[in-house]
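Sequences listed follow chains A and B, in order.
Under my numbering, the residues of the first sequence are numbered 9 to 137, in order.
Under my numbering, the residues of the second sequence are numbered 59 to 559, in order.
Presented below is the structure to which this report refers.
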Amino acid sequence: MTPEDSRYAKSHEYIHVEGNVGTIGITDYAQKELGDVVFVELPQVGTQLELGDELGSIESVKAVSELFSPVSGEVVEVNESLADKPELVNTDPYGDGWMIKIKLTAPDEVDELMNAEDYEDYIQTEAGK
Amino acid sequence: MTTVVEQESATAAVPQGANREGLIFEHSKKGRRGYRLPALDVPERSDLLSPSLMRDEIANEVEVSEVDVIRHFTRLSKLNVSIDAGLYPLGSCTMKHNPRLNEELARTPGFALSHPLQADHQVQGNLELLWHIEQTLKEIFGMPRVTLQPVAGAHGELTGILMIHKALAKSGNARKFILIPDSAHGTNPASAAFAGYEVKELKSNSRGTLDLHLLEQHVDEDVAALMITVPNTLGVFETEIRKMAEILHRKGAYLYCDGANLNAFVGIARPGDMGIDLIHSNLHKTFSTPHGGGGPGAGPVGVSERLVPFLPTPTVERRDDGSFYLDDDHPDSIGRMRAFNGNFNVLVRALTYMRSMGPDGLRRIAQIAVLNANYIRARLKGTYHLPYDAPSLHEVVFSDKNQTPHEVHTLDIAKRLMDYGFHPPTIYFPLIVAGALMIEPTESEPKEELDAFCDAMLAIARECEERPELVRSAPHTTPVRRLDEARAARQPVLRWQPRSD
């Protein structure tokens, strides 16, 4: 269920790294918790983000939540199609529902994130609260 | 117990389109009139406007008779769910009964027909009323002065933060941050940001309250104030407020209290005695003024001694001879927050309530409000999950954790409640509780109404287990079925257009 080839932050963002570029979105668990997504606000290409910086926000029928960058880097691409089709975050969070691509400035940060198995355990305890 | 028409029979019994009232535009019939102008008895002038500015016809003019209008709006009013028809348990946005005596006194011609630009000597009664409500709130808050200008709770928050800003700026450093716990009302961060401060969120502990050591870590010379909601959005009372005030005061910061939930402790505890520097009260929540539709509201703010010079102007003062006047002579004031004296007629209603209840009656309000919330808590606990076990005051927050295994969620439960004839509670707030159901009954409700509500909630919990699809597809008996909220947010249609046919 949770893709093995990505890494996960406690705030429920994933990052899928290829070379020195990482694709960031929110996890399937996060989209289910949020409910129907109605708006996604993303940064502009060229924005410099530090680890933990707010990269944007996501609005669902329930609430507005902040999105945090799981790594440091420069935004090189944003998913323009979310402007018209925010529901892609619900229907395909790991695929067409991706949010930004970021050029990593500190690739080591990726190793600090959870792998799929740890993230599964993490959401089990989260859900148990 | 409430009987609920089953989905199948309801669908069969209601002819298609029966509940579609439409807009007044759609009732228009060419040439129909409800009123005719009397014959013109002055010379007609058609030369005052150039022909280019004259319309030949009015677009979408509504042509209806008097009976059309009365029936249309009467039918619409029957679709309206209101506190006059039953329990309205919106936690954090309380709807309580509005006594009709309030309305009667607000319509007294001396109040209703006076003009804010009349000279002080012509409106002594109005000024006296403002003076009396300030005296009453001073006593309730335990504070030396109260401003009546703010016209909503959030407007009171902004007024308060601007006073803090002015006071700090006067002493040389307006500071940068306002601390707000994650259990506060959602307007608090907005008000702080609007006043130019950066907001730092503080996490609640497992009891749903704020830890002193966490506060201590965050308070320094850059912090202007802490804004706490008391009781907070979990309905939990912060028990260490005086210590919080000490921590803040040591560093020259202020303690702001969101007093929207004053109805939980009015007449029992006084914010001023706890070291709180500012508190606002949303008059509808505690003092039974009307609420809904965005106003008019009132959010008076009480302040401690050191903030008195910064209150909005004018203030209402009493001379030694017993006469009243508006005083603009406050050089350090933040200025006006509103034209004239705020929403005067809302204040008339609030004072009517305060006076008809009296001190003992107001204390009783708090006691009954807390008792009613705890009665619901006791009846539903176990069936619905209680995420925070600390004692509840005026409201109680459950979650859908016991129902999610049946794939039924808070939204479904809220929709199903409508089938039982109840307005749903606040849902998915506070944000720190996943799937929150925030229930605030207020003191207005008799035990029978509380029991009917709890019976409905318990029946729904059984349905979640036995017939989850019935709950998931609710509501079934309302004029419209489940709305597509996601589509409404994604593709909002904000303007009515005539149908092309």
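The beta-carbon is built from N, C-alpha and C at its ideal position, and this holds for glycine as well.
Could you spell out where the beta strand (DSSP E) holding residue i opens and where it closes?
{"i": "Cys151 of chain B", "result": "Here Cys151 of chain B belongs to no beta strand (DSSP E), and DSSP marks it neither H nor E."}
{"i": "His338 of chain B", "result": "Leu336 to His338"}
{"i": "Met496 of chain B", "result": "Ala494 to Ile497"}
{"i": "Ile108 of chain A", "result": "Ile108 to Leu112"}
{"i": "Pro504 of chain B", "result": "Run containing Pro504 of chain B: none; DSSP gives neither H nor E here."}
{"i": "His24 of chain A", "result": "Glu21 to Glu26"}
{"i": "Leu237 of chain B", "result": "Phe235 to Pro239"}
{"i": "Gly30 of chain A", "result": "Val29 to Ile34"}
As a quick exercise: from the options, pick the residue whose alpha carbon is nearest that of residue i.
{"i": "Ser381 of chain B", "options": "B:Thr291, B:Leu187 and B:Met476", "result": "B:Leu187"}
{"i": "Pro354 of chain B", "options": "B:Gly333, B:Tyr314, B:Leu405 and B:Ala311", "result": "B:Leu405"}
{"i": "Pro533 of chain B", "options": "B:Phe480, B:Met112, B:Ile426 and B:Pro202", "result": "B:Phe480"}
{"i": "Thr441 of chain B", "options": "B:Ala431, B:Glu304, B:Ile426 and B:Asn460", "result": "B:Asn460"}
{"i": "Asp390 of chain B", "options": "B:Lys228, B:Leu111 and B:Val139", "result": "B:Lys228"}
{"i": "Pro101 of chain A", "options": "A:Gly27, A:Val48, A:Val29 and A:Val69", "result": "A:Val48"}
{"i": "Asn263 of chain B", "options": "B:Gly230, B:Asp447 and B:Thr536", "result": "B:Asp447"}
{"i": "Glu62 of chain A", "options": "A:Lys40, A:Glu82 and A:Leu75", "result": "A:Leu75"}
{"i": "Gly393 of chain B", "options": "B:Pro96, B:Glu119 and B:Thr217", "result": "B:Thr217"}
{"i": "Arg265 of chain B", "options": "B:Lys196, B:Ile219, B:Pro445 and B:Ser249", "result": "B:Pro445"}
{"i": "Ala212 of chain B", "options": "B:Ala225, B:Ala250, B:Val181 and B:Leu237", "result": "B:Ala250"}
{"i": "Gly33 of chain A", "options": "A:Gln56, A:Val83 and A:Gly54", "result": "A:Val83"}
{"i": "Arg376 of chain B", "options": "B:Phe345, B:Leu384 and B:Tyr314", "result": "B:Leu384"}
{"i": "Ser502 of chain B", "options": "B:Arg396, B:Phe398 and B:Asn321", "result": "B:Asn321"}
{"i": "Val127 of chain B", "options": "B:Pro174, B:Ala117, B:Arg421 and B:Glu79", "result": "B:Glu79"}
{"i": "Ala170 of chain B", "options": "B:His179, B:Leu159 and B:Asn184", "result": "B:Asn184"}
{"i": "Leu489 of chain B", "options": "A:Val29, A:Gly60 and A:Val72", "result": "A:Val72"}
{"i": "Arg129 of chain B", "options": "B:Lys154, B:Ile82 and B:Met112", "result": "B:Ile82"}
{"i": "Glu31 of chain B", "options": "B:Ala327, B:Lys87, B:His190 and B:Phe345", "result": "The requested residue 31 of chain B does not occur in the structure, where chain B is confined to residues 59 to 559."}
{"i": "Pro115 of chain A", "options": "A:Ala124, A:Gly27 and A:Met9", "result": "A:Gly27"}
{"i": "Leu237 of chain B", "options": "B:Phe199, B:Glu279 and B:Gln207", "result": "B:Glu279"}
{"i": "Lys261 of chain B", "options": "B:Leu429, B:Leu270 and B:Gly254", "result": "B:Leu270"}
{"i": "Ile198 of chain B", "options": "B:Asp418, B:Pro526, B:Tyr486 and B:Pro367", "result": "B:Asp418"}
Tell me which residues share the same chain as residue i and place their Cβ nearer than 6 Å to its Cβ, disregarding the 5 neighbours each side in the sequence.
{"i": "Ile471 of chain B", "result": "Ile518"}
{"i": "Thr287 of chain B", "result": "Ala242, His243 and Asp316"}
{"i": "Asn403 of chain B", "result": "Ala164"}
{"i": "Ala544 of chain B", "result": "none"}
{"i": "Glu507 of chain B", "result": "Leu145"}
{"i": "Asp104 of chain A", "result": "Leu96"}
What are the boundary residues of the alpha helix (DSSP H) that includes residue i?
{"i": "Leu365 of chain B", "result": "Taken as a continuous stretch (DSSP letters only), Leu365 of chain B belongs to no alpha helix (DSSP H), as it is neither H nor E."}
{"i": "Lys228 of chain B", "result": "Gly211 to Lys228"}
{"i": "Met302 of chain B", "result": "Ile299 to Arg308"}
{"i": "Arg548 of chain B", "result": "Glu543 to Arg548"}
{"i": "His342 of chain B", "result": "Leu341 to Phe345"}
{"i": "Leu175 of chain B", "result": "Segment: none, Leu175 of chain B is in no alpha helix (DSSP H) and carries neither H nor E."}
{"i": "Val529 of chain B", "result": "Pro526 to Arg530"}
{"i": "Val118 of chain A", "result": "Asp116 to Glu120"}
Mind pulling the chain D residues with CB within less than 7 Å of residue i?
{"i": "Tyr486 of chain B", "result": "Absent from the structure: chain D. Protein chains present are A and B."}
Less than 7 Å between C-beta atoms, sequence neighbours within five positions excluded: which residues of the same chain meet that for residue i?
{"i": "Gly43 of chain A", "result": "Ser68, Val69 and Lys70"}
{"i": "Gly293 of chain B", "result": "Ala431, Ser450, Leu451, His452, Glu453, Val454 and Val455"}
{"i": "Val139 of chain B", "result": "His481"}
{"i": "Thr484 of chain B", "result": "Leu148, Gly149, Ser150, Cys151 and Met496"}
{"i": "Thr69 of chain B", "result": "For Thr69 of chain B, the pLDDT reaches just 48, beneath the cut-off of 50, and the residue's location in the model is therefore unreliable, although a value from the coordinates is still provided. Once the five neighbours on either side are set aside, Thr69 of chain B has no close Cβ partner at all."}
{"i": "Tyr411 of chain B", "result": "Pro157, Asn160, Phe345 and Ser346"}
{"i": "Thr61 of chain B", "result": "In this prediction, Thr61 of chain B has a pLDDT of 39, which is less than 50 and means its spatial position is unreliable; what the coordinates show is noted afterwards. Cβ neighbours of Thr61 of chain B beyond the five flanking positions: none."}
Ordered along the chain, which non-local residues of its own chain (more than five positions away) have a Cβ less than 8 Å from that of residue i?
{"i": "Ala311 of chain B", "result": "Arg233, Val277, Val281, Ala282, Ala283 and Leu284"}
{"i": "Glu58 of chain A", "result": "Ser77 and Ser80"}
{"i": "Glu521 of chain B", "result": "Arg474, Leu528 and Val529"}
{"i": "Ser362 of chain B", "result": "Met201, Pro202, Gly330, Ile334, Asp335 and Leu336"}
{"i": "Glu120 of chain A", "result": "none"}
{"i": "Glu296 of chain B", "result": "Thr267, Leu268, Ile286, Val288, Pro289, Asn290 and Met302"}
Item checked: Contact set between the region 62–73 of chain A and chain B, restricted to residues whose Cβ is under 7 Å from the partner -> Val69, Lys70 and Ala71
Notebook entry, point to check: Closer than 9 Å, Cβ to any Cβ of chain B: which residues of the region 25–56 of chain A, in chain order?
Noted result: Glu41, Gly43, Asp44, Val45, Val46 and Phe47
Checklist line | Short-range partners of chain A found in the region 260–282 of chain B, where Cβ spacing is below 7 Å | finding: none
Item checked: Residues of the region 84–95 of chain A with Cβ closer than 8 Å to any Cβ of chain B, in chain order -> Pro94 and Glu95
Notebook entry, point to check: Which residues, in order along the region 492–506 of chain B, keep a beta-carbon less than 8 Å from a beta-carbon of chain A?
Noted result: Ala492
Checklist line | Inside the region 47–95 of chain A only - beta strand (DSSP E) runs reaching at least 3 residues | finding: 62–68, 72–76 and 81–86
Notebook entry, point to check: Listed in chain order, which residues of the region 544–558 of chain B have Cβ atoms closer than 8 Å to some Cβ of chain A?
Noted result: Ala544, Ala547 and Arg548
Notebook entry, point to check: Which of the residues in the region 458–489 of chain B, read from start to end, lie with their CB under 7 Å from any CB of chain A?
Noted result: Tyr486 and Leu489
Next item on the list: Jot down the residue ranges of each uninterrupted beta strand (DSSP E) in the region 375–404 of chain B, minimum 3 residues, whole runs only, in chain order.
Entry: 382–385
Item checked: 3 or more residues per run - each beta strand (DSSP E) lying fully within the region 428–483 of chain B -> 454–457
Check: What are the start and end residues of each continuous alpha helix (DSSP H) run of 4 or more residues lying completely inside the region 104–171 of chain B, in chain order?
Finding: 124–137, 158–164 and 167–170
Next item on the list: Starting from the N-terminal side, write out each stretch of the alpha helix (DSSP H) that is 4 residues or longer and does not extend beyond the region 255–285 of chain B.
Entry: 270–276
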